Each structure stands twice: as structure tokens, then as C-alpha cells.
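Note sheet for the following structure.
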Amino acid sequence: MDLDIEGNAALVTASSSGLGQASAKALAREGANVVVNGRSDESVAEGVEAVEEVATGDVVGVKADLTETEDIENLVQTTVDEFGGLDHLVTSAGGPPSGPFLDTTDEDWYDAYDLLVMSVVRTVREATDHLQAGDGGTIVNITSRSVKEAIPSLVLSNSVRMSVIGLEKTLSTELAPEVRANAVLPGPHETSRIQDLIDQGVERGDYDSYEHGLEERGKGNPLGRIGDPMELGDTVAFLSSPKSGYINGTAVPIDGGAGSSNL
Numbered sequence: 456m457d458l459d460i461e462g463n464a465a466l467v468t469a470s471s472s473g474l475g476q477a478s479a480k481a482l483a484r485e486g487a488n489v490v491v492n493g494r495s496d497e498s499v500a501e502g503v504e505a506v507e508e509v510a511t512g513d514v515v516g517v518k519a520d521l522t523e524t525e526d527i528e529n530l531v532q533t534t535v536d537e538f539g540g541l542d543h544l545v546t547s548a549g550g551p552p553s554g555p556f557l558d559t560t561d562e563d564w565y566d567a568y569d570l571l572v573m574s575v576v577r578t579v580r581e582a583t584d585h586l587q588a589g590d591g592g593t594i595v596n597i598t599s600r601s602v603k604e605a606i607p608s609l610v611l612s613n614s615v616r617m618s619v620i621g622l623e624k625t626l627s628t629e630l631a632p633e634v635r636a637n638a639v640l641p642g643p644h645e646t647s648r649i650q651d652l653i654d655q656g657v658e659r660g661d662y663d664s665y666e667h668g669l670e671e672r673g674k675g676n677p678l679g680r681i682g683d684p685m686e687l688g689d690t691v692a693f694l695s696s697p698k699s700g701y702i703n704g705t706a707v708p709i710d711g712g713a714g715s716s717n718l
């Protein structure tokens, strides 16, 4: 399916690796010009190289710390300067530390809110005028399935990420009809983080091999596996395209059907 986004300008935050990078790849493969973002020069360079392998449009790397307002301002402005505008914004960020409620400090809460919520608030604020100036701007927020079902020992993710969904739903009405806003709620995917955890399990003797660890992590999922990051990336690209033009204000679980929530 041609998603009809060739030549569009897209900014994907935290896209030097993981699900952000998969989203950048999917957009770039469809012909969008994409800005890849990471926190270090090295990670940005690696991310750009990975995205360029599949890109049919231009790919530009920009280093930015998503907890720094000035960095976010530069990130958005560089996108506009490089590509002449901004059509699609995809927000992503690393996860907060795990742990139970009683082991979580005030600083942990503020840090998680700054990383997961205020990074989105500030990026959307900077991007809105540019998104509204184009022809069919979109916002896709990558969050987590934890907004539907709390995950044990992830009190910060369970609690703080809900704010992103409230923001996304609000944006879907306040910025419409020029801009559509949606979210994706990933379950486990075979990102570098999961790969590291499986490798550690192999070293401890929990798994016989990487393949065994991958198989074990997929047990209990109706599809019998964890996700390929590009499956999420392709969904993000679809939600960014005119092909999803009547989808607005939704939060789409991408978890193989593992969740038990009806909605």
C-alpha cells in the first residue's frame, strides 16, 4: 500500500534505537524525509545509518536531550529548516526505572514526568504551528500498554504515561481538523533492551540460547511471540498517513492481543 507520504517531513524523537527507530524507518521507507534524534552524537550517527539503509527520502540526525527545552526548540526548528516544514511528529522516550511504589522517591516521580510527559508537551508546543500550516499534519505518541493494564513493579510507567493519553485525546479535538493525534501502546517487542535481557538470561542459565529466551518471552501471548519493532513502526507510518484520515483520538494496542482489557 502506498501511504502517500512521499516528500513529507517527519520528526521522530528518541529514534536512534528501539521503537522510535522502527517508526523512523517505516516513515523513511515510504519516502518521507525524516529527522532522527538521540542524546549523543554517536547514537544519532548510528540511528541515521540504520534509517538510511531503508530510506527513499532524506535522513538528518539531530542530537537533543528531550528533558531540555532549548534542545527541543532546536530539534523542531532544525527539522523545519532542513525540510521546509513539518508534517508528522512521532514522540517516543525511554522508559523510567522499574520498582515498587514504596521504593520510588519524589525525584523519581519528577524525573519520570519530565521525561515521559513534559518532553511530549514541549515538543508538541513547538511543532503545532508547523503541523497546522501543512496539509494534514499528524501526531503519534508512542507510550505503553501499561496505560490500559498496570504492569507489576512499573509504578512510574503505569501512572505517568496516562498523562500522555490524556494529552493525546485533548490534542485530537483542539488541533483538529488540521492535525490528527493518536497513540500506540506497545507490548514487548524485540528491541535492543529485550535482546540484552535475554542475553543476560542466557548468561545466568535461565535460557539454553537466545532463541529459547525469545520463545519463552512469547509464551502466554495469543500469537505465541513478542513483536517485531517494524510491526509497530508500520502502524505508526499508517497512522501518519492520509490512509488513516478518519482515525483521530485513538490509542491502539500493539501487543499481539495479550491485553485482557475490552477497550
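The opening residue of the sequence shown carries number 456 in my numbering; numbering runs sequentially from there. Ideal placement from N, C-alpha and C gives every residue a C-beta, glycine not left out. None of these values were measured; they are calculated from a predicted model.
Start and end of the beta strand (DSSP E) containing ILE653? Position 198 of the sequence shown, counted from the first residue, corresponds to residue 653. No beta strand (DSSP E) contains ILE653, which is instead part of the alpha helix (DSSP H) from 647-659.
Best match in ASP561, VAL535, MET685 for proximity to LEU544 [C-alpha to C-alpha]: Sequence index remark: in the sequence shown, residue 544 carries index 89 (1-based). For the residues ASP561, VAL535, MET685, the minimum Cα distance to LEU544 belongs to VAL535.
Compare the beta carbon distance of ASN488 and SER470 with 8 Å and say whether it is the shorter of the two. Within the sequence shown, the letter at position 33 stands for residue 488. Within the sequence shown, the letter at position 15 stands for residue 470. Not a contact, by the Cβ cut-off of 8 Å.
Could you compute how far the alpha carbon of MET573 sits from the alpha carbon of ASN613? Against the sequence shown, residue 573 aligns to sequence position 118. Against the sequence shown, residue 613 aligns to sequence position 158. For MET573 and ASN613, the distance between alpha carbons rounds to 16 Å.
Note down, one range per segment and in chain order, each beta strand (DSSP E) of at least 3 residues found wholly within the region 550-637. Within the region 550-637, the complete beta strand (DSSP E) runs of at least 3 residues are 592-597.
Can you give the beta carbon distance from TYR568 to VAL615, rounded, assuming they're within the 8 Å contact cut? Sequence index remark: in the sequence shown, residue 568 carries index 113 (1-based). Sequence index remark: in the sequence shown, residue 615 carries index 160 (1-based). Beta-carbon to beta-carbon, TYR568 and VAL615 are separated by about 5 Å, close enough to satisfy the 8 Å threshold.
With a floor of 3 residues, list each beta strand (DSSP E) that falls wholly inside the region 664-710, ordered by position along the chain. Whole beta strand (DSSP E) segments, 3+ residues: 706-709.
Which residue wins for smallest C-alpha separation from VAL506, given the options GLY473, TYR665, THR690, GLY679? Numbered from 1 along the sequence shown, position 51 holds the residue referred to as residue 506. For VAL506, the nearest C-alpha among the options comes from GLY473.
For the alpha helix (DSSP H) containing GLY475, name the first residue and the last one. Here residue 475 is taken as the residue at index 20 of the sequence shown, counted from 1. Start and end: 473-484.
Do PRO677 and HIS644 come within 8 Å of each other at the CB atom, strictly closer than that value? Residue mapping note: residue 644 aligns to position 189 of the sequence shown, counting from 1. Residue mapping note: residue 677 aligns to position 222 of the sequence shown, counting from 1. Between HIS644 and PRO677, the C-beta spacing is not below 8 Å.
Span of the beta strand (DSSP E) around THR546: By one-based count along the sequence shown, residue 546 stands at place 91. Counting along the chain, the beta strand (DSSP E) containing THR546 begins and ends at 543-546.
Counting pairs of Cβ atoms below 8 Å between the region 547-565 and the region 659-675, do you hit three or more? No: the two stretches stay apart, fewer than three of their Cβ pairs being nearer than 8 Å.
Would you tell me roughly how many angstroms separate the C-alpha atoms of SER664 and ASP651, rounded to the nearest one? The residue given as residue 664 occupies position 209 in the sequence shown. The residue given as residue 651 occupies position 196 in the sequence shown. SER664 and ASP651: Cα-Cα distance of roughly 13 Å.
Apart from the five residues on each side of it in sequence, which residues of its chain come closer than 8 Å, Cβ to Cβ, to THR511? The residue you call residue 511 lines up with position 56 of the sequence shown. Hits under 8 Å: GLU461, ALA483, ARG484, GLU485, GLY486.
Name the residue from GLU497, THR705, SER647 whose alpha carbon lies nearest to the alpha carbon of LYS518. Within the sequence shown, the letter at position 63 stands for residue 518. Comparing Cα positions, the closest option is GLU497.
For ASN463, name the three-state secondary structure that DSSP assigns. As a position in the sequence shown, residue 463 is number 8, starting the count at 1. Residue state, collapsed to three classes: coil.
GLN476 burial status per 10 Å Cβ neighbour count (16 or more: buried): The count along the sequence shown starts at 1 and reaches residue 476 at position 21. The residue is buried, with at least 16 neighbouring Cβ atoms inside 10 Å.
Starting from the Cα of LEU571, find the closest Cα among SER599, VAL691, THR690, THR646 and give me that residue. Here residue 571 corresponds to residue number 116 of the sequence shown, with the count starting at 1. If we check each option's Cα against that of LEU571, SER599 comes out closest.
Rounded to the nearest angstrom, what separates LYS603 and GLY540 at their Cα positions? As a position in the sequence shown, residue 603 is number 148, starting the count at 1. As a position in the sequence shown, residue 540 is number 85, starting the count at 1. About 34 Å.
Which residues does DSSP pair with LEU640 in a beta bridge? By one-based count along the sequence shown, residue 640 stands at place 185. DSSP lists PRO708 as partners of LEU640.
Under the three-state reduction of DSSP, which class applies to VAL515: helix, strand or coil? Counted from its first residue, the sequence shown places residue 515 at position 60. Looking at VAL515 - three-state DSSP - the assignment turns out to be strand.
Grab me the residues of ASP520's own chain with a C-beta within less than 7 Å of its C-beta, minus the 5 sequence neighbours each way, in chain order. As a working mapping, residue 520 is identified with position 65 in the sequence shown. Around ASP520: ARG494, ASP526.
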